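Scroll down for the structure; my scribbles are underneath it.
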Amino acid sequence: KLRHHVDRVDVCEVGVSDPSDYALLFHALSAVVTSLPKLADIDVVLSAGTPQAQTIWVILVQAGLLDARMLQVIPPRFVPVPHPLPIREVRLDIDGFPEIRALREEVVRLRARAHLLTDMVGDSRPMRRLVGRIARVSQSDVPVLVLGETGVGKELVARAIHQTSPRAAAPHISENCGAFTEGALNSELFGHEVGAFTGATTQRRGLFEQADGGTLFLDEVAELAPTAQVRLLRVLQDGTLRRMGAERPIRVDVRVIAATHRDLPAMVAAGTFREDLYYRLRGAELHVPALRDRQGDLEQLVAAFLGDSPLKVTRGAWNALSAYHWPGNVRELQAEVRRWTVFCDAVVQVDDLSAEIVAGRAPHESSRVHSVADAVDTTPAIPTLAETEARAVIAALDATGGNISQAARALAIDRNTLKRKLRRYDRARLHADNAPNVKLPKTSV
Numbered sequence: 003k004l005r006h007h008v009d010r011v012d013v014c015e016v017g018v019s020d021p022s023d024y025a026l027l028f029h030a031l032s033a034v035v036t037s038l039p040k041l042a043d044i045d046v047v048l049s050a051g052t053p054q055a056q057t058i059w060v061i062l063v064q065a066g067l068l069d070a071r072m073l074q075v076i077p078p079r080f081v082p083v084p085h086p087l088p089i090r091e092v093r094l095d096i097d098g099f100p101e102i103r104a105l106r107e108e109v110v111r112l113r114a115r116a117h118l119l120t121d122m123v124g125d126s127r128p129m130r131r132l133v134g135r136i137a138r139v140s141q142s143d144v145p146v147l148v149l150g151e152t153g154v155g156k157e158l159v160a161r162a163i164h165q166t167s168p169r170a171a172a173p174h175i176s177e178n179c180g181a182f183t184e185g186a187l188n189s190e191l192f193g194h195e196v197g198a199f200t201g202a203t204t205q206r207r208g209l210f211e212q213a214d215g216g217t218l219f220l221d222e223v224a225e226l227a228p229t230a231q232v233r234l235l236r237v238l239q240d241g242t243l244r245r246m247g248a249e250r251p252i253r254v255d256v257r258v259i260a261a262t263h264r265d266l267p268a269m270v271a272a273g274t275f276r277e278d279l280y281y282r283l284r285g286a287e288l289h290v291p292a293l294r295d296r297q298g299d300l301e302q303l304v305a306a307f308l309g310d311s312p313l314k315v316t317r318g319a320w321n322a323l324s325a326y327h328w329p330g331n332v333r334e335l336q337a338e339v340r341r342w343t344v345f346c347d348a349v350v351q352v353d354d355l356s357a358e359i360v361a362g363r364a365p366h367e368s369s370r371v372h373s374v375a376d377a378v379d380t381t382p383a384i385p386t387l388a389e390t391e392a393r394a395v396i397a398a399l400d401a402t403g404g405n406i407s408q409a410a411r412a413l414a415i416d417r418n419t420l421k422r423k424l425r426r427y428d429r430a431r432l433h434a435d436n437a438p439n440v441k442l443p444k445t446s447v
């Protein structure tokens, strides 16, 4: 119908699975707004779409992401006759659209969530839950403790928290606490004065001072030495630090995000990590899921790591990748994909995968028999007749205290026959690799 009134109509289809999901709508419509040509006048009709979509258009205009007029079509039954304005411009200062604090907070939260959906790959349930928690945590100023196995992307989570927080324009500094000795780490984090120790010829601002106003990410925080734990606790408690060798404290405004793959409660119980510091760090706690718990994200992650590479992955290779346990998590997957870009031409086959991935692709495949030798190796070990006889002899001798005559009667054989067997076992053990490993007890007549 629009074509009867205008020369050109462009239709943009938005792929949103749930039109009532505010976050998905905000992410999709933000992309539409970004792709719009530079026009002098843009009008948004709020009467179209779901109530959630109408709210998102209001938020986009109010946040300044879209420079447009908001129009509302008044249904005919509500338009008096005659009525000169069946369409009216919507402003947030008119009745029914008050500009309230909750709306501004929703703008910030949805912008943060949209940013996270762009930077963090994965749409599995664990990842959606993590993204939602990051969006909430980023708007507060409490310390954050990020937990997860090695390689899951804890540093990426810390960066996402900073970039979607009010501190995004300030510095974001990362440090691995396990990369320094105790003295060097104290100097690195808190700085030092001239002459504080041998070789300290210049004054140094520590990472806390460098991150003032922003965020400091401490990876492997469980590796902190006791003195560094005390210093960190002071910064978290009162926002002040003292450089090594300094007399006066320095006030800093830094949000601390810490991460570890270690069991901190167990370390607290063992006395190797301060309990008060542990509770200070976990103002908010985020658990990053292991890759094996978010297998639904595997193809998206591979596509992200491949980038513009034209490589295609066969179904057999996908099956092997999906069956693998991924002990190194996303970091291991990224290294695997990078290896493909070096050694594969156009298609990634099962044989192109790392040996451990191929070996662990499926229990029924890894145990498949490929030769007669394999068949022998995979069958249960059956004792030979000689081994069975030797065990019976040993048991009889043990039961009789090594008395050959009594053992012979128990075995229902002649005494001299038993003596010959014992001599044969001794010789066989010396000359044959496959002879029964007989350890004979001391014998007597």
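Residue numbers (the working numbering): 3 to 447. For every residue, glycine included, the Cβ atom is placed at its ideal position computed from N, Cα and C. Keep in mind it's a predicted model, so treat the numbers as computed, not measured.
Same chain only: Cβ atoms within 6 Å of residue i, ignoring 5 sequence neighbours per side
i	result
L158	none
E184	A227
I44	A70
L283	P145, L147 and A260
V315	V350
T343	S311
S140	A114, I163, T166 and S167
I89	L73 and V75
L187	A230
Beta-carbon contacts of residue i that lie in its chain and below 7 Å, excluding the five residues immediately before and after
i	result
S49	Q74 and V75
A213	P173, I175 and V256
K423	V395
Y280	L266 and V270
E277	V270
V47	L73 and V75
T203	V196
V34	C14 and V16
G180	E222 and E225
G241	R253, V254 and D255
R417	I406, S407 and A410
R333	G153
S126	R296, G298 and D299
E190	E177, F182, G208 and L209
L234	L226 and L279
L238	P145, V258 and R282
Range of the contiguous alpha helix (DSSP H) that encloses residue i
i	result
V360	A357 to A361
M122	No alpha helix (DSSP H) contains M122, which DSSP labels as neither H nor E.
S142	Note, S142: premise wrong, no alpha helix (DSSP H); not H, not E.
P53	P53 to Q64
V270	L266 to A272
R161	K156 to Q165
8 Å Cβ cutoff met for residue i and residue j
i	j	result
L243	R236	yes
M122	A198	no
G153	H289	no
A322	L355	yes
A409	T402	yes
H327	R294	yes
F192	A224	no
L132	P291	yes
L313	V350	yes
G124	L303	yes
R169	G215	yes
D221	E177	yes
F219	A286	no
G318	V339	no
Per DSSP, cross-strand counterpart(s) of residue i
i	result
T229	T229 pairs with nothing; no bridge assigned.
R206	H194
S176	F219
L424	For L424, which the question treats as bridged, DSSP gives no partner whatsoever.
D45	R71
E91	L73
V350	V315
M246	H194
I252	L243
Endpoints, beta strand (DSSP E) assigned at residue i
i	result
L288	A286 to H289
D9	It is not in any beta strand (DSSP E) - D9 carries neither H nor E in the DSSP assignment.
Q74	R71 to V75
I259	R257 to T262
S37	Run containing S37: none in the beta strand (DSSP E); it sits in the alpha helix (DSSP H), Y24 to S37.
V16	Run containing V16: none; DSSP gives neither H nor E here.
V146	V146 to L149
Cβ shell of residue i (< 8 Å), same chain only, five flanking positions each side left out
i	result
V18	L26, L27 and A30
K421	I406
Q54	P21, S22, D23, Y24 and L27
H7	none
L413	A394, V395, A398 and L420
P382	Only weak support exists for where P382 lies, its pLDDT of 43 falling under 50; the coordinates are left without a value.
Residue i at chain D interface by Cβ criterion, 8 Å
i	result
P312	Any reference to chain D falls outside this structure, which holds one protein chain only.
Restricting to runs no shorter than 3 residues, where is the beta strand (DSSP E) found entirely within the segment 275-334?
286-289
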